[in-house]
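Q: Handing you this structure, nothing more for now.
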Amino acid sequence: MKSIFTPIRYLLSDDFALLLARWRTAMLARMPLFLALRRKRYTLQTDYLGTEVFGMKFPSRIGLGAGYDRNGEHINVMEATGFGFMEIGTITPKPQRGGPSPALHKLPKNRALLYCGQTESQGVERVIENIKSQNHNIIIGCNIAKNDATAPEDAPQEYLRLFRPLYQYADYFTVNICRNSSERAYVPTSREEIMAILQPLFEFRRGQNQYRPILLKISPDLSDEQIDLMTDIMIDTPLDGMVACAGTTGRYGLEESTQIIHSLGRKAGALTGAPLRERALEVVRRVHERAKGTYPIIGCGGISTADDAMAMIEAGATLVQVTTEYIYGGGKSILNMRMGLNERLRKAQQRQTNQ
Ligand SMILES: Cc1cc2nc3c(=O)[nH]c(=O)nc-3n(C[C@H](O)[C@H](O)[C@H](O)COP(=O)(O)O)c2cc1C
């Protein structure tokens with residue numbers, strides 16, 4: 002219920018703090034001097050971070066995960082921050098409002114976030130305008146999903162409705178089948194449902210001159226059998242890889258934030274950040290082993306340090322993504338991670354040559 006305190010509560014909320022941070026970077030992105038200074042500060046020379054995946058050269062294996070830049074407004078800033086790639090979205094066909102507010106809850110003692118409710122999107126047309134308006138040089142993944150209000154049986158046509166117009170602007174696609182932050186969760190888990198979404202995308206791609214890799218983003222809450230099924234879909238079809246994982250509906254690893262969690266009650270929402278780390282590693286390891294290391298996996302979930310990123314790579318990820326840590330630590334955190342991971346990869350390569 003709305004009261005005179007509602008606007009005050011909003012101004013004090015983590016939603017508003019994130020909105021301000023995003024607004025500030027969107028404003029600064031319009032200033033070439035700011036971008037040049039940021040690039041100078043954050044994109045130091047790193048010789049071991051780069052890799053080639055899907056026939057594309059990634060200057061760094063560390064990318065920005067979906068959820069920070071849902072509408073493609075911060076492409077230039079993310080490039081200047083030193084990310085090797087970024088995922089825009091989740092993009093929905095029609096605009097949809099986020100919330101209800103407060104939707105974002107910081108759990109700082111656990112370096113975690115809980116994001117609740119419907120995810121905000123300005124809709125695909127606006128996102129395309131945003132991408133076109135920035136002269137960028139960063140690999141862009143477009144993370145797509147149906148509008149929350151769309152019935153599950155109409156999902157396949159919505160994914161295609163996004164895929165077609167975005168095709169020329171995306172370097173790769175992530176098909177998000179893990180919408181679990183609201184009461185209206187959409188997490189299809191049967192082969193039939195998932196193939197109904199993927200098949201039209203494969204068919205459309207077949208008629209194009211340019212090849213765009215398609216990845217599937219999965220939930221950490223799947224059972225082992227379900228993870229195996231997703232992996233088998235990847236092996237049996239022209240799917241190119243996996244993004245593992247999205248946020249969890251579980252509430253584990255939160256002992257230090259119990260008070261906040263209790264005050265939120267049974268609010269539906271996705272938990273991200275450090276508590277997710279172990280589970281995300283397990284999922285990546287399982288997919289990697291079942292696919293015999295032959296498919297690229299983008300690993301995400303609780304990566305806060307260079308050690309975390311290295312552990313994810315050792316579990317089988319080719320690339321990693323960071324969302325929560327970027328919200329907490331900004332560009333400085335990404336710079337530290339990049340330098341640390343570069344050093345660890347250098348040492349790993351040296352060990353290999355010495356053997
Ligand atoms: C505030 C916030 C919003 C997010 N929104 C989306 C989203 O719209 N689509 C999506 O696929 N993942 C979304 N995610 C999930 C992240 O992309 C990532 O899978 C997850 O947070 C685990 O990584 P992390 O621990 O580095 O944050 C969101 C995460 C956060 C923290």
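For the sequence shown, my numbering assigns the number 2 to the initial residue and increments by one for each residue that follows. Using N, Cα and C, we set each Cβ at its ideal position, and we do this for glycine too.
(1) According to DSSP, is R180 part of a helix, a strand, or is it coil?
(2) Could you give the distance in angstroms between the alpha-carbon of I335 and the alpha-carbon of F84?
(3) Tell me the residue span of the beta strand (DSSP E) that contains F55.
(4) On the CB-based measure, 16 or more other CB atoms within 10 Å of its CB, does S311 come out buried or exposed?
(5) Does the distance from the CB of A67 to the CB of G90 come in under 7 Å?
(6) Looking at the strands, I want to know which residues DSSP matches up with N144.
(7) Answer yes or no: do D222 and A104 have a C-beta to C-beta separation smaller than 7 Å?
(8) If you compare alpha carbons, which of S102, Q119, R165 and L265 is closest to A150?
(9) What is the rounded straight-line gap between the Cα of L38 and the Cα of A81?
(10) According to DSSP, is A245 part of a helix, a strand, or is it coil?
(11) Under DSSP, the beta strand (DSSP E) around Q46 begins and ends at which residues?
(12) Would Y116 be called buried (16 or more neighbouring beta carbons within 10 Å of its own) or exposed?
(13) Could you please give the first and the last residue of the uninterrupted alpha helix (DSSP H) stretch that includes G331?
(14) Of the choices G248, K268, T232 and E193, whose alpha-carbon is the least far from that of P276?
(15) What span of residues does the alpha helix (DSSP H) with I236 cover, start to end?
(16) Does the beta carbon of A316 fall short of 6 Å from some heavy atom of ligand 1?
(17) Can the beta-carbon of L36 be found less than 7 Å from the beta-carbon of N77?
(18) May I have the straight-line CA-CA distance separating Q46 from I262, to the nearest angstrom?
(19) Could you check if N177 belongs to the surroundings of ligand 1, using beta carbon to heavy atom distance under 6 Å?
(20) Between the Cα of V125 and the Cα atoms of Q227, L167, I140 and P157, which residue gives the shortest distance?
(21) With distances taken Cα to Cα, identify the nearest neighbour of A156 among G142, K95 and Y329.
(22) Quick check on H106: does DSSP put it in helix, strand or coil?
(23) Which residues in the same chain as P239 place their Cβ atom closer than 7 Å to its Cβ, once the five residues preceding and following it in sequence are excluded?
(24) Is the beta carbon of A1 within less than 6 Å of some heavy atom of ligand 1?
(25) For L114, which beta-bridge partners are listed by DSSP?
(26) Would you mind reading off the limits of the beta strand (DSSP E) that contains K218?
(27) Measure the C-alpha to C-alpha separation of K333 and M340 and round it to an integer number of angstroms.
(28) Quick one: is the Cβ of G330 within less than 6 Å of any heavy atom of ligand 1?
(29) Taking C-alpha atoms, which residue in R31, W24, L50 and P109 lies nearest to Q260?
(30) Nearer than 6 Å: is that true of the beta carbon of T120 relative to any heavy atom of ligand 1?
(31) State the start and end residues of the unbroken alpha helix (DSSP H) segment that holds I198.
(32) Using 8 Å as the Cβ pair cut-off and three pairs as the minimum, do the segment 285 to 300 and the segment 230 to 239 touch?
(33) Which two residues bound the contiguous beta strand (DSSP E) that contains I132?
(34) From this set, L163, H75 and N355, which residue's C-alpha is nearest F205's C-alpha?
(35) Using only CA atoms, which one of R192, D225, M87 and G242 lies nearest to Y170?
(36) Check whether the Cβ atoms of K218 and V244 lie closer than 7 Å to each other.
A: Reading off the structure:
(1) strand
(2) If you take the alpha carbons of I335 and F84, they lie about 8 Å apart.
(3) Unbroken run through F55: none, as it is neither H nor E.
(4) Per the sequence shown, residue 311 should be read as Met rather than Ser. Counting Cβ neighbours within 10 Å, M311 comes out buried, since at least 16 surround it.
(5) yes
(6) G90 and T175
(7) Contact: no.
(8) For A150, the nearest C-alpha among the options comes from Q119.
(9) Rounded to whole angstroms, L38 to A81 spans 9 Å at the Cα level.
(10) strand
(11) Neither: Q46 is in no beta strand (DSSP E) and is coded neither H nor E.
(12) buried
(13) T325 to N355
(14) G248
(15) D225 to D237
(16) no
(17) yes
(18) Using only the alpha carbons, I get a separation of about 42 Å.
(19) yes
(20) L167
(21) K95
(22) strand
(23) F203
(24) No information on residue 1 is available, as it lies outside the stretch 2 to 356 that the chain covers here.
(25) K107 and T273
(26) I215 to I219
(27) 11 Å
(28) no
(29) P109
(30) yes
(31) For I198, the enclosing alpha helix (DSSP H) covers residues R192 to R207.
(32) yes
(33) No beta strand (DSSP E) holds I132; the alpha helix (DSSP H) holding it covers V125 to K133.
(34) L163
(35) M87
(36) yes
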